[in-house]
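A.B. asks: Sending over a structure as structure tokens; questions will come in a sec.
2 protein chains.
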Amino acid sequence: MRRTSLDDADCPVARALDAVGDWWSLLIVRDAFFGLRRFGEFQKSLGMARNILTVRLRGLVESGILDAVPAADGGAYKEYVLTAKGRDLFPVLVALRQWGEAHQFPGEACRIELVDRDKGAPVQPLELRAADGRRLAGADTLIRTRA
Amino acid sequence: MRRTSLDDADCPVARALDAVGDWWSLLIVRDAFFGLRRFGEFQKSLGMARNILTVRLRGLVESGILDAVPAADGGAYKEYVLTAKGRDLFPVLVALRQWGEAHQFPGEACRIELVDRDKGAPVQPLELRAADGRRLAGADTLIRTRA
DNA sequence: AAGTATAGTTGCATTATTAAACCAATAACC
DNA sequence: GGTTATTGGTTTAATAATGCAACTATACTT
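Protein chains in written order, with numbering that gives the first Met the number 0: chain C, 0 to 146; chain F, 0 to 146.
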């Protein structure tokens, strides 16, 4: 598995991708948000090779994104549930989702939408805001090395 | 290169990852936001194999994320610049960055920060909001199939 | 106890990635 | 105008990751 180059060791984007930047991890996390917990559920949902799923689940547990709990409903198998760190990936998935909706359905309309559970209404697009509340685009920002 | 499984063909997250879910693409896009444009600049910054960079750049151009423009400053070589579609990946990178900052620097502090260009102040954390403005966590949302 | 489903592991074939050499087209120098 | 260095790749061979299918072990069902 890849590691970030040394030049990139300080970049939080690179470190994030180090943990979840492979082919499957974010899809596993997406399914975990959707409520899947068991090895077989993930495997069936993703259609991926089982040995790779084993490796990915192990990696996500080691990264502290998933927790392998012995049993939830009395059943004897392990279940994989999101930790707080894993739940914090939610904005990443939402950002990918919104970008995919906007740009990866040319011609057709995306048939799946993310809605507010209470009201059933679609959520707002994510927006980056400055400390004073102004909306910011990429060009309005700057990467700075902290003192 | 992987393609999403057929079950996932409708999921915008899967389609997004299909375009930028590999090891390098998002780092290339990050560097493009940072202002890099030339083959050699990307290669030097990322330290990746050049043939793979060739393939990734071609893929990003085919996906409409980058545009290969013949010359910007009169120089004769190609330059790779973000399209509108590519610039729309900004929230994805910010989400990864903020997650990385919060969780991938255990013990140490992340020395790089994203700031508002005008004011120099750090940006706000991305937040998902309902149509009526309420903050939403993952558990407050639902995936729904559109009529 | 026998049969079945779950959760992996193992071994082998396929594919992706890397590192390094190679090449063509500028650009810089003299 | 010819030589040399740099840029932007391509090709090739070795290495690493991934997928597929068969296998094992444990738990559940009857």
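The beta-carbon is built from N, C-alpha and C at its ideal position, and this holds for glycine as well.
Quick caveat: nothing in here was measured; it's all calculated off a predicted structure.
Hey, how far is the Cα of Y79(F) from the Cα of G99(F)?
C.D. replies: For the purposes of this step, residue 79(F) is taken as residue 80 along the second sequence, with counting starting at 1. For the purposes of this step, residue 99(F) is taken as residue 100 along the second sequence, with counting starting at 1. Cα-Cα distance, rounded: 26 Å.
A.B. asks: Which residues in chain C sit within 8 Å of R145(F), going by Cβ to Cβ distance?
C.D. replies: The count along the second sequence starts at 1 and reaches residue 145(F) at position 146. Under the 8 Å cutoff, chain C gives A108, C109, R110, I111, E112.
A.B. asks: Please state whether the Cβ-Cβ distance between K77(C) and G63(C) is less than 9 Å.
C.D. replies: As a first step, residue 77(C) is located in the first sequence; it is residue number 78 there, counting from the start. As a first step, residue 63(C) is located in the first sequence; it is residue number 64 there, counting from the start. Cβ distance not < 9 Å, so K77(C) and G63(C) don't count as in contact.
A.B. asks: So for R96(C), helix, strand or coil by DSSP?
C.D. replies: Looking up residue 96(C) in the first sequence gives position 97. Residue state, collapsed to three classes: helix.
A.B. asks: Between which residues of its own chain and G39(F) is the CB-CB distance below 7 Å, once the five residues before and five after are set aside?
C.D. replies: Residue mapping note: residue 39(F) aligns to position 40 of the second sequence, counting from 1. Contacts found: none.
A.B. asks: Determine, for F33(F), whether the minimum Cβ-Cβ distance to residues of chain C falls below 9 Å.
C.D. replies: On the second sequence, position 34 is the one that residue 33(F) refers to. Yes, because at least one Cβ of chain C sits closer than 9 Å to the Cβ of F33(F).
A.B. asks: Sorted by chain position, which residues of the same chain lie with C-beta nearer than 6 Å to C10(C)'s C-beta, five sequence neighbours on each side aside?
C.D. replies: Indexing the first sequence from 1 puts residue 10(C) at position 11. No residues qualify anywhere along the chain.
A.B. asks: How would you list, in chain order, the residues of chain C whose beta-carbon sits under 7 Å from the beta-carbon of I142(F)?
C.D. replies: Taking the first residue of the second sequence as position 1, residue 142(F) is located at position 143. Residues of chain C passing the Cβ test: F33, I111, L113.
A.B. asks: Just to confirm the assignment, what range does the alpha helix (DSSP H) spanning L45(C) have?
C.D. replies: The residue labelled residue 45(C) in the question sits at position 46 within the first sequence. Segment 38 to 45, the alpha helix (DSSP H) holding L45(C).
A.B. asks: By the 8 Å beta-carbon criterion, what residues does the segment 48 to 70 of chain C contribute toward chain F?
C.D. replies: Those residues of the segment 48 to 70 of chain C that come within reach of chain F (Cβ to Cβ, closer than 8 Å) are G63.
A.B. asks: By DSSP, does V122(C) sit in helix, in strand, or in coil?
C.D. replies: Position 123 of the first sequence holds residue 122(C). Coil at V122(C), not helix or strand.
A.B. asks: Going by DSSP, name the residue or residues bridged to T140(C).
C.D. replies: Along the first sequence, one-based indexing puts residue 140(C) at 141. BP columns for T140(C) point to D115(F).
A.B. asks: Looking at the secondary structure, which residues open and close the alpha helix (DSSP H) in which L25(C) lies?
C.D. replies: Position 26 of the first sequence holds residue 25(C). Segment 24 to 33, the alpha helix (DSSP H) holding L25(C).
A.B. asks: Against chain C, with Cβ distances strictly below 9 Å, would E78(F) count as a contact?
C.D. replies: Translated into the one-based positions of the second sequence, residue 78(F) becomes position 79. By this cut-off, E78(F) is not an interface position.
A.B. asks: If you drop the 5 nearest sequence neighbours on each side, which residues of the same chain put their C-beta closer than 8 Å to that of R36(C)?
C.D. replies: In the first sequence, counting from the first residue as 1, residue 36(C) sits at position 37. The residues are A71, E78, Y79, V80.
A.B. asks: May I ask whether a heavy atom of the ligand COA can be found less than 8 Å away from the beta carbon of L26(C)?
C.D. replies: The ligand COA is absent from the structure shown, which contains no ligand whatsoever.
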